[in-house]
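Each number in the numbering used here corresponds to the 1-based position in the sequence shown with 7 added. Worksheet: the structure to be examined is printed underneath.
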Amino acid sequence: MAPLMNVITFFNHAGGVGKSSSVRDIGFTLGRLGYRVLLIDADPQANLTDWLGVRQIPDGEHTRDIELSDTLYPAVLAEGDADLALPEPVRVHGLDLIPGHLDMATIEPLLPGQLMGVLRLRDALRSLEGRYDFVLIDPPPSLGQLSTLAVMAAGHVVVPVPASGKGLKGLQTVGVMLSRFRKVNPGLKLSMILVTQYNDTTNHSRESLAQLRSQFGRLAPISRPLTYRPALYPDSQLHGAPLPEFVRRGPVTEEILAVTQQLLGAVGVLPETEAGGE
Numbered sequence: 008m009a010p011l012m013n014v015i016t017f018f019n020h021a022g023g024v025g026k027s028s029s030v031r032d033i034g035f036t037l038g039r040l041g042y043r044v045l046l047i048d049a050d051p052q053a054n055l056t057d058w059l060g061v062r063q064i065p066d067g068e069h070t071r072d073i074e075l076s077d078t079l080y081p082a083v084l085a086e087g088d089a090d091l092a093l094p095e096p097v098r099v100h101g102l103d104l105i106p107g108h109l110d111m112a113t114i115e116p117l118l119p120g121q122l123m124g125v126l127r128l129r130d131a132l133r134s135l136e137g138r139y140d141f142v143l144i145d146p147p148p149s150l151g152q153l154s155t156l157a158v159m160a161a162g163h164v165v166v167p168v169p170a171s172g173k174g175l176k177g178l179q180t181v182g183v184m185l186s187r188f189r190k191v192n193p194g195l196k197l198s199m200i201l202v203t204q205y206n207d208t209t210n211h212s213r214e215s216l217a218q219l220r221s222q223f224g225r226l227a228p229i230s231r232p233l234t235y236r237p238a239l240y241p242d243s244q245l246h247g248a249p250l251p252e253f254v255r256r257g258p259v260t261e262e263i264l265a266v267t268q269q270l271l272g273a274v275g276v277l278p279e280t281e282a283g284g285e
């Protein structure tokens with residue numbers, strides 16, 4: 008029997024919460040731990056694709072620009088009698104990637120007119136059972152069709168939340184939306200609230216983390232916080248490398264590993280004690 012493929016969507020309708028960098032770094036860490044990982048960039052901004060250093064696609068002995076047919080588009084809006092299937096992924100940093108592209112924005116107005124449109128990515132992923140241990144999806148920071156498509160395809164949702172008052176307010180809206188998504192995808196589980204942009208030198212961050220734990224800890228595990236690192240994150244993005252590969256050793260790598268292990272516990276791959284959940 009093939010091992011279970013865990014599909015996890017990192018969802019928050021607010022931008023600038025550390026969503027794409029978290030998908031990149033946790034996905035890379037899962038790969039380093041020996042898991043087979045597919046990342047799907049479902050955001051027309053394509054930050055995940057760019058921050059992995061994928062600016063072109065290998066094509067024989069040459070490279071070419073990323074096209075719409077290289078994205079999730081064929082899996083949800085194939086024309087005529089074509090099969091709804093994901094294209095062959097790009098291999099990068101030990102991971103497989105379905106890249107993003109600006110023209111994916113054309114999916115938004117077309118998807119509502121398609122039969123079972125928001126479930127098409129879920130159906131396309133079923134053919135990959137046994138090929139991957141984890142599929143991590145990075146949707147746009149919105150409540151539109153692409154985000155709905157990404158959440159409907161998942162069994163688990165991780166909500167990145169910055170350790171700030173803004174993050175706390177946004178989490179309430181996320182909770183309302185997840186309740187609506189469960190009406191169509193009843194097995195959907197809020198598996199982790201991922202605390203990002205934490206600064207332990209400020210009272211504001213510490214108080215925000217305490218409020219997250221007290222107000223929302225009953226809904227899902229609250230992760231160990233990912234520290235705000237204003238130099239390292241932009242540098243790793245510029246170099247197109249996951250942060251644990253860019254830095255390799257040190258507190259930041261240990262921190263991301265600890266959060267990844269917490270996530271493994273939250274989705275039931277590791278026992279909670281082994282995952283080291285708080």
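From the three backbone atoms N, C-alpha and C, an ideal C-beta is built for every residue, glycine too.
C-alpha gap between residue i and residue j, whole angstroms
i: residue 58; j: residue 80; result: 21 Å
i: residue 251; j: residue 101; result: 13 Å
i: residue 132; j: residue 93; result: 8 Å
i: residue 264; j: residue 258; result: 10 Å
i: residue 69; j: residue 14; result: 32 Å
i: residue 267; j: residue 33; result: 6 Å
i: residue 228; j: residue 67; result: 45 Å
i: residue 187; j: residue 153; result: 15 Å
i: residue 84; j: residue 121; result: 8 Å
i: residue 11; j: residue 278; result: 16 Å
i: residue 78; j: residue 128; result: 12 Å
i: residue 285; j: residue 90; result: Unreliable placement is indicated for residue 285, whose pLDDT of 45 sits below 50; no coordinate value is reported for it.
i: residue 109; j: residue 46; result: 17 Å
i: residue 213; j: residue 207; result: 6 Å
i: residue 204; j: residue 114; result: 31 Å
i: residue 4; j: residue 103; result: Any question about residue 4 goes unanswered here, given that the chain covers just 8 to 285.
i: residue 35; j: residue 111; result: 24 Å
i: residue 189; j: residue 150; result: 15 Å
i: residue 256; j: residue 275; result: 27 Å
i: residue 239; j: residue 209; result: 19 Å
i: residue 273; j: residue 211; result: 27 Å
i: residue 225; j: residue 143; result: 24 Å
i: residue 52; j: residue 116; result: 17 Å
CB-CB length for residue i against residue j, believed under 8 Å
i: residue 97; j: residue 64; result: 6 Å
i: residue 215; j: residue 172; result: 6 Å
Chain-order list of residues whose beta-carbon lies under 6 Å from that of residue i (same chain, five-residue window excluded)
i: residue 164; result: 16, 18, 197
i: residue 48; result: 55, 56, 106, 107, 145
i: residue 192; result: 159
i: residue 124; result: 118
i: residue 169; result: 24, 203, 204
i: residue 156; result: 125, 128
i: residue 27; result: 54, 55, 145
i: residue 73; result: 64, 106, 108
C-beta atoms of residue i and residue j nearer than 8 Å
i: residue 25; j: residue 232; result: no
i: residue 182; j: residue 60; result: no
i: residue 29; j: residue 219; result: no
i: residue 31; j: residue 237; result: no
i: residue 270; j: residue 199; result: yes
i: residue 242; j: residue 147; result: no
i: residue 262; j: residue 234; result: yes
Other residues of its chain near residue i: CB distance less than 7 Å, five sequence neighbours each side excluded
i: residue 244; result: 58
i: residue 71; result: 63, 64
i: residue 37; result: 44, 141, 267
i: residue 130; result: 91
i: residue 82; result: 91, 92, 93, 127, 128, 131
i: residue 76; result: 94
i: residue 134; result: 92
Test: residue i CB closer than 8 Å to a CB of chain D
i: residue 212; result: Here there is only one protein chain, and chain D is not present.
Chain-order list of residues whose beta-carbon lies under 8 Å from that of residue i (same chain, five-residue window excluded)
i: residue 9; result: For residue 9, the pLDDT reaches just 47, beneath the cut-off of 50, and the residue's location in the model is therefore unreliable, although a value from the coordinates is still provided. 136, 137.
i: residue 222; result: 175
i: residue 194; result: 162
i: residue 253; result: 239, 242, 243, 246
- Message: Under 8 Å, with one C-beta from each stretch per pair, do the stretch 33-45 and the stretch 136-145 reach the 3-pair mark?
- Response: Segments in contact, yes.
- Query: Are at least three pairs of beta-carbons, each pair with one atom in the stretch 171-184 and one in the stretch 20-32, less than 8 Å apart?
  - Reply: Yes, since at least three Cβ pairs between the stretch 171-184 and the stretch 20-32 fall closer than 8 Å, the two stretches touch.
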